[in-house]
Amino acid sequence: MRYQKIFILLLAMVLAVACDSGKSPSFKKGNPYSKEYFGINGPVKYALYNHYKKGYVDQAIRMDFSPEGMLVKKRTFEKGDSIVNNYTYDGKNNIQSISGTDVGAYKNEFQKGNLAKEWFYSDEDQTEGFTLRYQVEGEKLIKKQNDIKTGKGVTTTYAYTSKGILQQEQQMQNDGSYTKNVYDADDHLTSIEHYGASGAYLYKEDINADYDEYNNLIKYQAKKNGKARAYYKVVYKYYTEDELSAANQQAESTITSDSASYEDKGEASAPSKWLLIAISVISLIFLFIYISIAIEEWHLFKNFGGETEIDGMRKMWMYNSRPYVRMAILFTILLAAFLSSIILLLLFGGVVWVLFWAIKLIFWAIIVIGWICLVGGIIGTIGGAFICLIPAVIGGVIVAFQDTLKGWGELFVAWGSEFLDNVNAIDWTISIYENYGTTILAIALTPLVCFLLLAIILIVISTLLRLYEFASMKIYNVHRPCPFCGNTHDFKYMIDGEEWSIPLHPGLYGILHQTNHDTGVRVPTMLMNGKAKLTRKCPNCERLVNEGHDKTYGTDIHIGIVGARSSGKSYMLYSGLEMLSQHFGDDFEQTDSDSNNKLADVTKRIHNGDGIQTAVKNRYKAIQFKLKRKWRPVPYHLFFYDVAGEKFNASTNKSQAALEFYNKVKTVVFIIDPTMTDIDKVVPSDAFTEWFKKHGNQSEKYDTEGTLSELKNILTQQVGRKTKDIDIIITCTKKDLGYLENSNYTYDLDENMIKKFISEELGLANVINSVSDFKSVSYAAVSATAEDRSALEELFLNILKQRGIKMD
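The opening residue of the sequence shown carries number 0 in numbering that gives the first Met the number 0; numbering runs sequentially from there.
Take a look at the structure:
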């Protein structure tokens, strides 16, 4: 029903344009030579304007008007000179020529029967003069006068009041300055306001005027600050009733050559009111019938936007052919309904015309039968068959009234022809097409054009949104890798435990959302409007990511923690994350956590003294945090990788998959636990050896050089990285156990002293030399359980600074 209303409205618009096609041009359509243009009312014959200067008439202008109110002559008298211009029109009062003293040549241009432009030349070579252009905008007429040579000119705006009175509203000069006319409730001019080119108010002229019984101006005086600026009087002469009557009779009995020329052009007059109503009603009936057939046969409005696919998904309507075909069908139906109404009226008129001709033939047959009865009856009566008097009398009556019967027959034929002419809308339709074809076509095609424009706009929006998200991810280094294996490609989104069948981005199946029309499930297509919260399935390791539906979206930063088994790296990692949480507050938020790595639970176990050793697995999940920074639209997405120390033991490392995420790591924190140093494989200092015998882990030792060597092997051989692209921080843990003080080092020492301690006291000079090929090397010594954990906080803040994160 909604579409039927649209087409009914469109048809009404087309018919409204058609109805206007046969009207003669009016002032609103561009006729500036009628008396209304000069603000004159009543049957004026002429108007004489006497302009006064210093009490004397210095200029007089007389304008003569035809009984129809058209200017036919204008005479100007000034300082002994006179200028006379004559105006001629066609049968529809369209200006044809202007000749006179100051008009060397004149020509004009009409558009669709309306005056559009005039050229007034003051010389025969047509190089001097001015042009007038007329433009209709709603109820306003804009007249532009420009010099032919310089182009300078004046623009005047006119409008009709609610009472149908024409008024000049504004006049603008070439430099941008302008005047505004102000009228009272009786539509009488009361003042003229003057404005500069910048729009600044300059001054006002007050107008005093008198009017006659026709509301025509008879006296005009303009004053500025009480001083007279202009003064004139107007004398009118009006046509008498006899003059108007004679003029009307002459107009009705005379067919001018101009009128004939219009007939020759094939201009059809507007159809009668009842014919227009008939065309409208019949067109609507045909429109309803055709749409009903289309609905029944072709399911016109069913799935108008397109068919739903097997998986319940449906492409957006602008990517389906069905809506475009349906719109073309509707346009064809609209045109067919209009043409069908015209054809039906022609058929009806033809049937009536044939019927009336048949009546005429019947009358002729009656006349012939009457003659036969008359002649036969007379002959029969003469022959003695007096019964024949009856047909003779009947025949005589018919013959006596044969002229009447003939007249009736001709009358019926005339009625039939007139009826056929009245319903013959072909000429009218052709005229509409010739004069308003472009307008009607534009109106009819407007829905199609709007439909196509909307489709293009939506496609452009979809493309721009997709490009915006792509560019944002590139600019802010957003990859959203799998926290288990580091894969960044071809994730499947999981909705209600099932894989979503369509790639989630603005495009064929939705702009901001995609909808499964079988289940009604609606899914966001962009990270900014909710896609970042959806659960994904990694195609590489087949693990589910973000089952908690956190917002996992930010600039990727990957940090690896490497150390031997029981070296304190997990204690250090979670304690450091706790320090960051305290430092950044609500801006530091854990995402995609589970029962094994939830920060609040793990730190609670640390404070209770419970063990948190990392289990040996074939897959490790990164510990993820989202860090928001002021003035940055995209947060940071931090990935911390804590892998069991066994994975860095060359003799036991069997799982390459467990370390795949190292293809993303930019910073490695390499843990050295002095309490587990294998002093049999290095040459430590005597002081450290003495301390180790008392406090070291005698049952479990590890080869620090071997662990570092295995790390470099993993980076360069297994995941294809270059050490020159990675920053490494050599970190000693458990410094609260006193190994620094025992070797005469202070508890708080700088990087150079830590480097010296590792090289000289622990005997790990080879480790120092081996890390020289990394991008940068830093040193730290921390404790995860001491009361003073400032060094631990400083270590983690330095990691973030190293990755380009601002602290403020």
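For glycine and all other residues, C-beta sits at the position ideal for the given N, C-alpha and C.
Nothing here was measured: the structure is a model prediction, and the numbers come from that model.
*asked:* Per the DSSP calculation, Val118 is bridged to which residue(s)?
replied: Note that residue 118 is Trp in the sequence shown here, rather than Val. Answer by DSSP bridge pairing, in chain order: Lys106, Thr130.
*Take the Cβ of Phe773 as the centre, count every other Cβ of all protein chains shown within 10 Å, and call the residue buried at 16 or more, exposed below.*
buried
_Glu242 (DSSP reduced to helix, strand or coil)_ = helix
*Which parts of the region 454-523 are runs of the alpha helix (DSSP H), unbroken and 4 residues or longer, counting only runs that do not cross its ends?*
none
_Runs of beta strand (DSSP E) wholly within the region 298-328 (minimum 3 residues, chain order)_ = none
*Tell me whether the beta-carbon of Thr307 lies closer than 8 Å to the beta-carbon of His516.*
yes
*Would DSSP call Met525 helix, strand or coil?*
coil
*asked:* Quick check on this structure: which residue in Gly394, Trp363, Leu440, Gln248 has the alpha carbon closest to the alpha carbon of Leu334?
replied: Leu440
*Taking just the CA atoms, how far does Lys568 sit from Asn741?*
23 Å
*If you drop the 5 nearest sequence neighbours on each side, which residues of the same chain put their C-beta closer than 6 Å to that of Ile60?*
Tyr48, Thr75
*Decide yes or no for the touch test of the region 584-600 against the region 754-773: beta carbon pairs closer than 8 Å, at least 3 of them.*
no
*Could you tell me which of Val781, Ala158, Asp124, Asp146 sits nearest to Lys139, measuring between CA atoms?*
Ala158
_Can you find the residues in the same chain that come closer than 6 Å, C-beta to C-beta, to Ser258, ignoring five residues on each side of it along the sequence?_
With a pLDDT of 41 at Ser258, under the threshold of 50, the modelled position of this residue cannot be trusted, and the question is left open.
*What's the gap between the Cα of Ala357 and the Cα of Phe285?*
30 Å
*Could you check how far apart the C-beta atoms of Ala783 and Tyr570 are, in whole angstroms? I think they sit under 8 Å.*
4 Å
*Alpha carbon to alpha carbon, what distance is there between Tyr492 and Asn539?*
14 Å
*Measure the CB-CB distance between Cys481 and Arg542 and report whether it falls below 8 Å.*
yes
*asked:* Beta-carbon within less than 8 Å of Tyr746's beta-carbon, same chain only, minus the 5 sequence neighbours each way: which residues are those?
replied: Lys734, Leu739, Glu740
*Taking the alpha carbon of Thr590 as the point to measure from, which residue in Glu192, Gly496, Lys359, Lys532 has its own alpha carbon closest?*
Lys532
*Thinking C-beta only, is Phe669 closer than 8 Å to Val561?*
yes
*Backbone secondary structure at Gln166 - three-state DSSP*: strand
*Would DSSP call Gly369 helix, strand or coil?*
helix
_Within a Cβ cutoff of 6 Å, which residues of the same chain sit near Leu794, ignoring the five residues on either side of it in sequence?_
Ala779, Val781
*DSSP state of Leu201 mapped onto helix, strand, coil*: strand
*Nearest-angstrom Cα separation, counted from Tyr210 out to Lys148*: 40 Å
_Relative to the C-alpha of Met527, which candidate in Met472, Arg564, Ser500 has its C-alpha closest?_
Met472
*Check each candidate in Leu452, Glu792, Val396 and name the one with the smallest Cα separation from Glu577.*
Glu792
_Cutting at 8 Å between CB atoms, please list the residues of its own chain near Ile365, excluding the five before and the five after it._
Ile397, Leu404
*asked:* By the three-class DSSP mapping on this structure, what secondary structure does Glu792 have?
replied: helix
*For Phe669, which of helix, strand or coil comes out of DSSP?*
strand
_Contact set for Glu262: own chain, Cβ-Cβ below 8 Å, skip 5 residues either direction_ = Its pLDDT being 40, under 50, Glu262 is placed unreliably by the model, and nothing is read from it.
*Whose CA, out of Asn93, Lys72, Leu114, Glu77, lies closest to the CA of Gly99?*
Lys72
_Pick from Gly719, Tyr744, Gly379, Ser758 that is closest to Ile729, judged by C-alpha positions_ = Ser758
*State the CB to CB distance for the pair Gly394 and Gly376, rounded to an integer number of angstroms; the pair is presumed to be in contact (CB under 8 Å).*
6 Å
*Can you tell me whether Ser81 is buried or exposed, with buried defined as 16 or more other CB within 10 angstroms of its CB?*
exposed
*From Tyr182, Pro390, Phe362, Phe639, residue whose alpha carbon lies closest to that of Leu410*: Phe362
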